[in-house]
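Protein chains in written order, with our numbering: chain A, 1 to 536; chain B, 537 to 1072.
There are 2 protein chains.
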Amino acid sequence: MISGILSYAASAHGSREIVSRLIEEPLWRYDYDSCAARVAKTANMLLHLGVAPGDRVTSLAWNTHRHFELFYAVPGIQAVLHTANPRLHDDQIAYTINHAGSVVLFFERSFLDVVQRLAERLPNIRHYIMLVDAARLDPGNIAAQSYEDLIETFPIEHCWRAFDENSAAILCYTSGTTGDPKGVLYSHRSVTLHAMAGGLSGALALSAFDCVMPCSSMYHGTAWGLPYMAPINGCKLVLPCDRMDGTSLDELITQEGVTFSGGVPTIWTMYLAHLEQTGKSTGSLERLVIGGSAVPRAMAETFQQRYGVKVRQLWGMTETSPLGVVATPTPQLTELGEEQRDEILLTRQGRLQFGIELKIVDDAGAEVARDGQSAGRLLVRGPWVMERYFKSDAPGADADGWLDTGDIATLDCFGFLRITDRAKDVIKSGGEWISSIDIENAATACPGVRFAGVIGIFHPKWEERPLLVIEPHAGAAVTPDEIRAFLSERIIRWWMPDNILLGDMPLTATGKVDKKRLREIYATSLAANQGAIHAG
Amino acid sequence: MISGILSYAASAHGSREIVSRLIEEPLWRYDYDSCAARVAKTANMLLHLGVAPGDRVTSLAWNTHRHFELFYAVPGIQAVLHTANPRLHDDQIAYTINHAGSVVLFFERSFLDVVQRLAERLPNIRHYIMLVDAARLDPGNIAAQSYEDLIETFPIEHCWRAFDENSAAILCYTSGTTGDPKGVLYSHRSVTLHAMAGGLSGALALSAFDCVMPCSSMYHGTAWGLPYMAPINGCKLVLPCDRMDGTSLDELITQEGVTFSGGVPTIWTMYLAHLEQTGKSTGSLERLVIGGSAVPRAMAETFQQRYGVKVRQLWGMTETSPLGVVATPTPQLTELGEEQRDEILLTRQGRLQFGIELKIVDDAGAEVARDGQSAGRLLVRGPWVMERYFKSDAPGADADGWLDTGDIATLDCFGFLRITDRAKDVIKSGGEWISSIDIENAATACPGVRFAGVIGIFHPKWEERPLLVIEPHAGAAVTPDEIRAFLSERIIRWWMPDNILLGDMPLTATGKVDKKRLREIYATSLAANQGAIHAG
């Protein structure tokens, strides 16, 4: 039961702090004990509003303590929290809320405009609740109520019921690049097992002495489960709201004594730039776990060598709750010496974790060699791997429980996984595979390059050949020839893109290169003009 | 599934070593990968012998790699491993094997005599298998077969089936001080959850860099679950067989690089004495977890101050799988300063762990204050707390899942538990409770005292008064008056035993003071002679 996680923290680590930034409100500071009392109030309020077991409730919220409270109050009464992604387009947000069938919508004050725009398309929503105190409430044209006002009068005790551990608790939608977003349900059982495993030393290695700041979004795969792992391990929790700029992160890290944080590479690049501009230190920061896309090598080395902060990669997906693998050292790696150890830690997504089984198979379904070279489709299985999408009849996993991740990967003799491509992005050239990710990573390291995207273009002889699109940094003057020269020392000869173009990069809602859009823009026109490309 | 634990270790930490001492055989050395292959052989052999799902199989074995193999092979085929306690009397061993209904008996060569004595009383045993290679087999008069010989021809692969996670896996009997031993069943689910939780930093804090040597017996509550925790965390595993003397422990710790060990205080006292005699160091040893009885303060301080080895207490019981609480530091404790922190860590059994709920209640069932003073009956609940004894109709736990531990304890504001007495040993004097354990601990610290046992003696006015029995160290001359003077500075005045006697101490099969026997020897005669005692 998820309620047991917070009850444990309140009982065993009651005075451990939770600190939260908020939109237009001062820093919020309380502890697990007081938090548990407020979560009880919220649960009581939800029951009073008529939210019943199995009902869905949507949050459109940042990483704040109120969102954290919903992570416990909603599942605690056996309802399901749908953590909507505010970075999606209006249509997609409306689609997910309606597909979820939510009856209550909690939202930040900064989303009032969005919610007002969407309201008439959300027929099931019975209550709009703004995550603010009464003084800052702006009810808009949707008669929104204040969260603080609503919970105020309810008792600070709630008798958490025990029910089937397989009951749904959290609903996340994946922003797939094709079709409508798909819903993934996490159960009380899967959330709890995932949170226990994630704290182990081979994964995030959390302890009661850690101060954890999740900079991955709580609406995106529950911020790696950190809102559940921190209380289990008695960690202090710092919630940065939506303020991921260098100055804001530095402030919280220094003032609150953050030891552990994690998020996508972009924000850590901004944080490093801030440190370099100001000459500040990383304070008590010990470990940074980076996921979402490949870790730029230079950034990792700066953190480790200049600041003594350990950088670890992580791979997972919404369908895996999301922890799949984490790149943590082993004695076997240590024996290789520091340089080789770091080479592996920084170029692999992570190593096998207890609770997640991985299998890499060829097209015939046979396991490929664990040699770090043989690539194949990555399948995963385990107690926190999704079995089917929400409201979908088709099973997501096969009869033995294996889920096809849609990734192409290798596994090496040290048990480390490397994602080489998305199955749909891999380029098939002359019967062999070219990893679009490897070329993009190599190109991103080239001075002046901001974004790099590689897609396959139809080729009459080779089937497909790579096209590289580059968006340079503002003001940077970089030419295709310079990039080609840079790449020639870093990738296999026959992987060299036939054409390198400069232009604006289309990005997805989660800030990744939008390959689908890239194909729409380039593939058709280029395929029709194949001769010209080869000359390019 | 327990099979998943070893499969994980073989896959992710395949080359990590397992080293095992054996009876009359050289040190055995292999890794998780080879171990998994042998476990498959053993499982195939068991199926060949006709062992079916649900069948029970008994081991009468020390901490060795072959016993470790049985920990996986037997539950892996959905049979149940009954880990018999060789320290029990013949009658009790036979009772537990028959009560379990075991069909196969695995035993060490050193138990051949016992097994031969018992054989005619074990009608269900179809196969006697000695845990030795063919060359060292002594079939005795029971036609014992050699384990190595039996498994040799079987394939090194086994397709581990998935089945209900609530299936029984391990059966342990508690050597209760009254009545027949009672069986406690661990399921695949409870073993796995217990092993995941036990590795967390707030519990045993295991990592892939640890080399773990379990010195608590594998037949006694699965050696705290270490045979399951070590593979999950990728630890090297060192198994000391039955050799717990100082020289043998020192050898393994130094040669194998042991970082983590645990067991009852007695063996660590012997180990310390060995170090002092030889001037040797503790090598790479970092942490010692001590359970089973209270940690002598002087021993803990010597380990910490002279050798830099951290000493942690642990409390649990067979009925709790066995982990209940572990005394690990928290930031709150650290703020108190080193001295107060250690005072708490060394005088409490441990702090609240995720997964185990504790409740201390008074006679009316109401929770007592968490002030470190108010004592009451300790109730526990959780996914690895037993619900009922094997083959017993009476539930062990109440309707809400709370199990009465039979212990009297306090809980303090830091979440630390202190066991003050067994409920049946607590002395009720003038309406107040006197902790027999506190008096015993105080007396044991007195120079010259080897064992101290306190029981309550009927008293016409106060209901009960404490009697202290002392067994001095061989050759030590210690008098009741000296002990009384020593105690007077360490315990509350009205707790002072009315009488202090010198004599041999009766011990239980697990090496604890046998209070039942102590009462038989002293209580009746003394109660009949009350006047004389008060003069004593």
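For each residue, glycine too, the CB sits at the ideal point set by N, CA and C.
According to DSSP, which residues form a beta bridge with LEU239/A? Per DSSP, SER20/A.
Just to confirm, are GLU440/A and VAL454/A a CB contact at a threshold of 8 Å? For GLU440/A and VAL454/A, yes; Cβs fall inside 8 Å.
Using the DSSP secondary-structure output, state which residues sit across from CYS172/A in a beta bridge. In DSSP, CYS172/A forms a bridge with VAL184/A.
Any beta carbon of chain A sitting closer than 8 Å to that of PHE890/B? Yes - at least one Cβ of chain A is within 8 Å of the one on PHE890/B.
Between the segment 318-343 of chain A and chain B, which residues of the former have a C-beta closer than 7 Å to a C-beta of the latter? For the segment 318-343 of chain A, which is checked against every Cβ of chain B, the residues closer than 7 Å are THR330, PRO331 and GLN332.
Taking the beta strand (DSSP E) that ARG56/A belongs to, which residues open and close that run? It spans 56-60 - the beta strand (DSSP E) in which ARG56/A sits, taken as one unbroken run.
Helix, strand or coil at TRP268/A according to DSSP, with G and I counted as helix: Look at TRP268/A here: in three-state DSSP terms it is helix.
With distances taken between CB atoms, is the gap from GLY262/A to PRO214/A smaller than 8 Å? For the 8 Å CB-CB criterion, GLY262/A and PRO214/A form a contact.
Indicate the three-state DSSP secondary structure (helix, strand or coil) for GLY550/B in the structure shown. In the structure shown, GLY550/B falls within a coil segment according to DSSP collapsed to helix, strand and coil.
For LEU648/B, which of ALA679/B, GLN628/B, ASN634/B and PHE796/B has the nearest alpha-carbon? Ranked by Cα distance from LEU648/B, the options ALA679/B, GLN628/B, ASN634/B and PHE796/B are led by ALA679/B.
Buried or exposed by the 16-neighbour rule on C-beta atoms within 10 Å, applied to ASP164/A: Counting Cβ neighbours within 10 Å, ASP164/A comes out exposed, since fewer than 16 surround it.
Top-ranked residue by Cα proximity to ASP421/A, from GLY415/A, TRP433/A, SER429/A and THR278/A: The residue with the shortest Cα to Cα distance from ASP421/A is TRP433/A.
Is there a C-beta anywhere in chain B that falls below 8 Å from the one on GLY308/A? No, because no Cβ of chain B sits closer than 8 Å to the Cβ of GLY308/A.
May I ask you to list, following chain order, the residues of the segment 718-749 of chain B that have a beta carbon less than 8 Å from some beta carbon of chain A? Here the close residues are LEU729, MET732, ALA733, GLY735, LEU736, SER737, GLY738, ALA741, LEU742, SER743, ALA744 and PHE745.
Can you tell me the Cβ-Cβ gap for VAL650/B and PRO622/B, rounded? I've got them flagged as a contact below 8 Å. So it is a contact: roughly 7 Å between Cβ atoms.
Contacts of GLY770/B in chain A (Cβ-Cβ under 7 Å): For GLY770/B, the chain A residues whose C-beta falls within less than 7 Å of its own C-beta are GLY202 and THR330, listed in chain order.
contact_flag[the segment 214-224 of chain A, the segment 253-269 of chain A] where n(CB pairs < 8 Å) is 3 or more: Yes, since at least three Cβ pairs between the segment 214-224 of chain A and the segment 253-269 of chain A fall closer than 8 Å, the two stretches touch.
Name the chain B residues that come within less than 8 Å of TYR228/A, Cβ to Cβ? Below the 8 Å Cβ cutoff, chain B contributes no neighbours of TYR228/A, its closest Cβ being approximately 11 Å away.
Beta-carbon proximity of ILE880/B to PHE950/B, cut-off 8 Å: In this structure, PHE950/B lies closer than 8 Å to ILE880/B by Cβ.
Tell me whether the segment 347-366 of chain A and the segment 225-237 of chain A touch, counting them as touching only if at least three CB pairs, one residue from each stretch, are closer than 8 Å. Touching, no, given that fewer than three Cβ pairs across the two stretches are closer than 8 Å.
N- and C-terminal bounds of the alpha helix (DSSP H) containing LYS516/A: Boundaries of the alpha helix (DSSP H) harbouring LYS516/A: 515-518, taken from the DSSP string.
For LEU46/A, three-class secondary structure by DSSP: Reduced to three states, the DSSP call for LEU46/A is helix.
Buried or exposed (CB count within 10 angstroms, at least 16 for buried), ALA294/A: Using a 10 angstroms sphere on the CB of ALA294/A, the tally of other CB atoms reaches 16 or more, which defines it as buried.
Within chain E, partners of ARG887/B - CB distance below 7 Å: Judged by its chain identifiers, the structure shown contains no chain E, and its protein chains are A and B.
From the DSSP secondary-structure annotation, give me the bridge partner or partners of VAL449/A. In DSSP, VAL449/A forms a bridge with PRO472/A.
With DSSP run on the structure shown, which of helix, strand or coil describes GLU339/A? Helix, per DSSP.
Reference LEU272/A, options THR247/A, TRP494/A, GLY257/A and LEU378/A, closest by Cα: Looking from the CA of LEU272/A, the closest CA among THR247/A, TRP494/A, GLY257/A and LEU378/A belongs to THR247/A.
Compute the distance between the beta-carbons of CYS777/B and ARG557/B, then report whether it is under 8 Å. In this structure, ARG557/B lies closer than 8 Å to CYS777/B by Cβ.
So, for PRO1016/B: in the same chain, excluding its five sequence neighbours on each side, which residues have a beta-carbon less than 6 Å away from its beta-carbon? Answer for PRO1016/B: ILE1036, listed in chain order.
Cβ shell of GLN681/B (< 6 Å), same chain only, five flanking positions each side left out: The beta carbon of GLN681/B lies closer than 6 Å to those of ILE665 in the same chain, with the five residues before and after it left out.
Under 8 Å Cβ-Cβ, which residues of chain A neighbour GLY637/B? Against GLY637/B, chain A offers no close residue; the least beta-carbon distance is about 31 Å (beta-carbon pairs closer than 8 Å).
Per-residue DSSP class, three states only, for PRO611/B: DSSP places PRO611/B in helix when its eight states are reduced to three.
Mind checking which residues open and close the alpha helix (DSSP H) that includes SER784/B? For SER784/B, the enclosing alpha helix (DSSP H) covers residues 782-792.
Classify HIS67/A: buried if its beta carbon has 16 or more other beta carbons within 10 angstroms, exposed otherwise. Buried, by the Cβ-count rule.
Pull up the DSSP beta-bridge partners for GLN373/A, would you. Paired residue(s): none; GLN373/A is not in a bridge.
If you reduce the DSSP assignment to three classes, tell me which class PRO1028/B lands in. For the record, residue 1028/B in the displayed sequence is Ile; it is not Pro. DSSP, reduced to helix, strand and coil, places ILE1028/B outside both helices and strands of the structure shown, so it counts as coil.
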